[in-house]
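A.B. asks:
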Amino acid sequence: MQRQAIEKYAKEQQKECVIYEEKISSRKKERLELQQAIKAAAKGDRFVVYKLDRLARSTKELYELTEKLREREIDFVSIHDSFDTSTATGKAMFGMLAVFAEFERDIIQQRTKAGLEAARKRGKIGGRPAIDEHKKRQIKKLYAAGESATDIAKEFGIGRSTVYKLLKSE
């Protein structure tokens, strides 16, 4: 959906479109595709994102990124948020939307945290259950006796990679 919206925008603007996509969450600090996109952008280009929260996770980060673009005379466009920093209105809206984008993320984080806390109070524990020492010994014995890692994994309801990790440990 994001890609199609950006391609549609480029077509409507009669502009060449080069798309950079991160393969991991934008929460990660190391965002190589974003760094490459900023580096590749030249004076007079438009840096287009689908939505503000696709670019940055905090107001500070958003302003730092867009400031880099502004210094190099590159316009910034957010399709979903309907603004373009090449206009005065777009510049004003940009400041307000950046604050609201951070506010929205904070609310989501608070709800997630509250949901996890409520689940813990109801006795729900996140993550996979730990494998006790008795099961670890059983797994090692079965493997030593010639049973395959795949069969052991099925028997214990764990992943094959977990079996291999247990065999390598200790």
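This note's numbering puts the sequence shown at residues 11 to 180.
Glycine included, each C-beta is placed from N, C-alpha and C at the ideal position.
Check D94 in the structure and name its three-state DSSP category.
C.D. replies: Here D94 sits in strand by DSSP.
A.B. asks: Rounded to whole angstroms, what's the CA-CA distance from V173 to Y153? Just pull it up for me.
C.D. replies: Cα-Cα distance, rounded: 9 Å.
A.B. asks: How about L72 and L44: do their beta carbons lie closer than 9 Å?
C.D. replies: Not closer than 9 Å, so no.
A.B. asks: In the DSSP output, what is D85 paired with across the bridge?
C.D. replies: In DSSP, D85 forms a bridge with R56.
A.B. asks: Let me check understanding here. Comparing Cα to Cα, which of R132, E114 and A163 lies closest to T69?
C.D. replies: Answer by Cα proximity: E114.
A.B. asks: Let me confirm a value: L62 is counted as buried when at least 16 other C-beta atoms fall within 10 Å, else exposed. Which label applies?
C.D. replies: Buried: at least 16 other Cβ atoms inside 10 Å.
A.B. asks: How long is the line joining the alpha carbons of S36 and G156, rounded to whole angstroms?
C.D. replies: Only weak support is given to the placement of S36: the predicted model assigns it a pLDDT of 49, under 50, and the value that follows is read from those uncertain coordinates. One C-alpha to the other measures close to 44 Å.
A.B. asks: How many angstroms separate the CA atom of S158 from the CA atom of K18?
C.D. replies: For S158 and K18, the distance between alpha carbons rounds to 52 Å.
A.B. asks: Which same chain residues, not among the five before or five after K53, have their C-beta less than 8 Å away from its C-beta?
C.D. replies: Answer for K53: R82, E83 and I84, listed in chain order.
A.B. asks: Check K70 in the structure and name its three-state DSSP category.
C.D. replies: Three-state DSSP puts K70 in a helix.
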